[in-house]
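Novice: One structure is given below, represented as structure tokens, and several questions about it will come after.
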Amino acid sequence: MRTDATFPLTARAPGEVIFRRGAMPVTAARFLAEVAALAARLPADGPVLNFCADRYLALVAFAAALSRGHATLLSADRSPQRLADIARLHGARYALADTDVALPLPVLRPEAAPSEAAPNPVIRADRVAAIAFTSGSTGEPRPHAKPWGALVAGARAAAARFAVTPCTGIVGTVPAQHMYGFETTLMLPLQGGGAGHAGPVFYPSDMAEALAAMPAPRLLVTTPLQMRALLGSGVALPPLRAVISATAPLAAGLAAEAEAAWGAPVLEIYGATEAGSVASRRTLEGDAWLPYDGTAFTITEDGASVTVPGLPAPVPLADTLEALEAGRFRLGGRRADMVKLAGKRASLSGLTSILTGIEGVADGVFLAPPDLDRNPRARLAALVVAPGLTPQAVVAALRGRVEPAFLPRPVVMLRSLPRDPVGKLRQGDLAALAWPRH
Numbered sequence: 001m002r003t004d005a006t007f008p009l010t011a012r013a014p015g016e017v018i019f020r021r022g023a024m025p026v027t028a029a030r031f032l033a034e035v036a037a038l039a040a041r042l043p044a045d046g047p048v049l050n051f052c053a054d055r056y057l058a059l060v061a062f063a064a065a066l067s068r069g070h071a072t073l074l075s076a077d078r079s080p081q082r083l084a085d086i087a088r089l090h091g092a093r094y095a096l097a098d099t100d101v102a103l104p105l106p107v108l109r110p111e112a113a114p115s116e117a118a119p120n121p122v123i124r125a126d127r128v129a130a131i132a133f134t135s136g137s138t139g140e141p142r143p144h145a146k147p148w149g150a151l152v153a154g155a156r157a158a159a160a161r162f163a164v165t166p167c168t169g170i171v172g173t174v175p176a177q178h179m180y181g182f183e184t185t186l187m188l189p190l191q192g193g194g195a196g197h198a199g200p201v202f203y204p205s206d207m208a209e210a211l212a213a214m215p216a217p218r219l220l221v222t223t224p225l226q227m228r229a230l231l232g233s234g235v236a237l238p239p240l241r242a243v244i245s246a247t248a249p250l251a252a253g254l255a256a257e258a259e260a261a262w263g264a265p266v267l268e269i270y271g272a273t274e275a276g277s278v279a280s281r282r283t284l285e286g287d288a289w290l291p292y293d294g295t296a297f298t299i300t301e302d303g304a305s306v307t308v309p310g311l312p313a314p315v316p317l318a319d320t321l322e323a324l325e326a327g328r329f330r331l332g333g334r335r336a337d338m339v340k341l342a343g344k345r346a347s348l349s350g351l352t353s354i355l356t357g358i359e360g361v362a363d364g365v366f367l368a369p370p371d372l373d374r375n376p377r378a379r380l381a382a383l384v385v386a387p388g389l390t391p392q393a394v395v396a397a398l399r400g401r402v403e404p405a406f407l408p409r410p411v412v413m414l415r416s417l418p419r420d421p422v423g424k425l426r427q428g429d430l431a432a433l434a435w436p437r438h
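Letter by letter, the sequence shown follows residues 1 to 438 of the UniProt record's numbering.
Below, the structure written as structure tokens:
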């Protein structure tokens, strides 16, 4: 991608519906007018902290800031303390929000209101449009700059991969400030196609109502955690074009149950905050991932990296990859996820997949103690949500499926795991449950 390349704020035709706010369709022309009206109210300097819950207002806020040359700070953690920390550490000059929150900087409310027609701004591809933060599941969240060209290329590649048309209705359950939610529910309508659903969607009844309010074909963007809750609720859904899942590995059994219940293919996205979405697969078709058009993977014994259109350099990946034919690859787990006991190696995510595949286990995770490498008596632990099962029953079910050295001690039975809104788990929270201090 040329360093002087440019892209318009939206690739949608003026009359195309870009979002739906309840029963009201919002065309690209109206969107641009509302962006211009908000941009005129913004301070001279950025960056801006965007934590609008309404997806359409989140998009208007992002676009208005971008048109003023301000980068947007994106954090899925909406706690006031976390937002205040981000604002302080990364120099936010103001915030855009549709809810009340106390922050040590000016907070403006974006308002969707009729306005005069406005042009479609043209933005340099190398301009930093957003700064996304990792989940912090293994430590402090880290910032990653997102050039405008990379965001545009990713949205257009996703639209092509998932056959998104101008008429596709997109309902997302993931916060717009999470990188996965940002790409699929904001950037996709902005640059790829489809019409986004603006309202909050989290509970099964929310999903059904939101999907019913959207015209077909419908695309549901969600997570394995929310898919499991939706299936367990028994709530019926209107016909779907497809389901997209990310943020955590998706078990084949759960994908099969979802496809049988909803009559639509379940597709997974592979990506990272650092690189964005870069590959996909249909879970039930096997473990081979197909890179997005334009992305290039380099896979060696020492690790893997991906070259993404619009990013200035290849991005090292935390996962181990195995190259397959026709440019596809297989995931082998995170490099930091590998553990060794009694001369045997295993992946914690692989062990977790076996655990959650046990009949009666609703959720669970394997984890390693911090002294595993230096304490010969150290053993893995498992946190398990399995009403009706005992720790002994869980271990019995694992026996024969995993090496004896990897059988967990302790097995802690819980009513639920401490997952965040997109299903992520923080290592500190898990360790406190597995090995509580006395």
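Glycine included, each C-beta is placed from N, C-alpha and C at the ideal position.
Note that the structure is predicted; figures quoted are calculated from it, not measured.
#1: Over what stretch of residues does the alpha helix (DSSP H) that includes residue 453 continue unbroken?
#2: If Ala-90 sits next to Ile-131, beta carbons under 8 angstroms apart, how far is it from one beta carbon to the other, in whole angstroms?
#3: What is the residue span of the beta strand (DSSP E) that Leu-225 lies within?
#4: Residues in its own chain within less than 8 angstroms of Arg-437 by CB, not counting five upstream and five downstream?
#5: Decide if Thr-300 is buried, meaning its Cβ has at least 16 other Cβ atoms within 10 Å, or exposed.
#6: With three or more beta-carbon pairs closer than 8 angstroms as the criterion, would you say the region 89-105 touches the region 4-16?
#7: Whose C-beta lies closer than 6 angstroms to the C-beta of Tyr-56 among residues of the same chain, with five residues either side of it excluded?
#8: Pick from Ala-386, Glu-16, Ala-279 and Ala-118: whose alpha carbon is nearest that of Ala-39?
#9: Going by the CB atoms, is the gap between Leu-96 and Gln-35 shorter than 7 angstroms?
#10: Does the contact criterion of 3 or more C-beta pairs under 8 angstroms hold for the region 385-393 versus the region 411-431?
#11: Just confirm the distance between the C-beta atoms of Leu-267 and Ala-242, as a whole number of angstroms; I'd bet it's less than 8 angstroms.
#12: Throw me the rounded Cβ distance for the residue 443 and Gly-194 pair, which I believe falls under 8 angstroms.
#13: Excluding the 5 residues flanking residue 493 on each side, which residues of the same chain have their C-beta closer than 6 angstroms to its C-beta?
#14: Return yes when the Cβ of Thr-295 is within less than 7 angstroms of the Cβ of Leu-308, no when it is not.
#15: Based on the DSSP output, what are the partners of His-197 in its beta bridges?
#16: Considering just the uninterrupted stretch of the alpha helix (DSSP H) at Glu-257, what are its terminal residues?
#17: For Ile-131, which three-state DSSP category applies?
#18: Cβ atoms of Ala-28 and Arg-12: under 7 angstroms apart, would you say?
#19: Can you tell me where the beta strand (DSSP E) with Ile-244 in it begins and where it stops?
#20: State the Cα-Cα distance for the pair Tyr-292 and Arg-124, rounded to the nearest angstrom.
#21: Excluding five sequence neighbours on each side, which residues of the same chain lie with their C-beta closer than 7 angstroms to the C-beta of Ala-157?
#22: If contacts are defined as beta-carbon pairs under 8 angstroms, then Thr-247 and Pro-217 qualify, I think. What distance do you get, rounded to the angstrom?
#23: Compute the beta-carbon to beta-carbon distance between Leu-383 and Ala-434, rounded to the nearest angstrom, for a pair I have assumed lies under 8 angstroms.
#24: Rounded to a whole number of angstroms, what is the C-alpha to C-alpha distance between Ala-261 and Leu-231?
#25: According to DSSP, is Ala-87 helix, strand or coil?
#26: Can you list, in chain order, the stretches of the beta strand (DSSP E) that have 3 or more residues and sit fully within the region 312-387?
#27: With a threshold of 16 other CB atoms inside 10 Å of the CB of Ala-64, please say whether the residue is buried or exposed.
#28: What do you reckon, are the CB atoms on Ala-61 and Val-128 nearer than 7 angstroms?
#29: Report the start-end ranges of each beta strand (DSSP E) in the region 96-174 that is 3 residues or longer and not cut off at the edges.
#30: Is the CB-CB distance between Trp-289 and Arg-281 below 7 angstroms?
Specialist: This is what the structure holds:
#1: Residue 453 lies beyond the range of the chain shown here (1 to 438); nothing can be said about it.
#2: According to the sequence as given, residue 90 is His; it is not Ala. Their Cβ separation, rounded to whole angstroms, is 7 angstroms, which keeps His-90 and Ile-131 in contact under 8 angstroms.
#3: No beta strand (DSSP E) holds Leu-225; the alpha helix (DSSP H) holding it covers 224-233.
#4: none
#5: Thr-300 comes out exposed.
#6: Contact between the region 89-105 and the region 4-16 is absent, with fewer than three C-beta pairs closer than 8 angstroms.
#7: Phe-19, Arg-21 and Ala-198
#8: Ala-118
#9: A small fix is needed here, since residue 35 is Val in this sequence, not Gln. It is not a contact, given that the beta carbons lie outside the stated cut-off.
#10: Contact between the region 385-393 and the region 411-431 is present, because at least three Cβ pairs lie under 8 angstroms.
#11: 6 angstroms
#12: What is shown of the chain runs 1 to 438, which leaves residue 443 out entirely.
#13: Summary: the structure shown does not reach residue 493, with the chain confined to residues 1 through 438, and so no result is reported for it.
#14: Contrary to the premise, residue 308 reads as Val rather than Leu in this sequence. A contact, by the Cβ cut-off of 7 angstroms.
#15: Arg-20
#16: Where Glu-257 is concerned, the enclosing alpha helix (DSSP H) starts and stops at 252-262.
#17: If DSSP states are grouped into helix, strand and coil, Ile-131 belongs with the strands.
#18: yes
#19: 242-245
#20: 23 angstroms
#21: Tyr-292, Asp-293 and Gly-294
#22: Actually they do not touch by this definition, with Cβ atoms about 23 angstroms apart.
#23: With a beta-carbon spacing of about 6 angstroms, Leu-383 and Ala-434 fall inside the 8 angstroms limit used to define contacts.
#24: 8 angstroms
#25: Helix.
#26: 319-323, 329-334, 338-341, 344-347, 363-367 and 381-385
#27: buried
#28: No.
#29: 122-124, 128-133, 143-147 and 169-172
#30: yes
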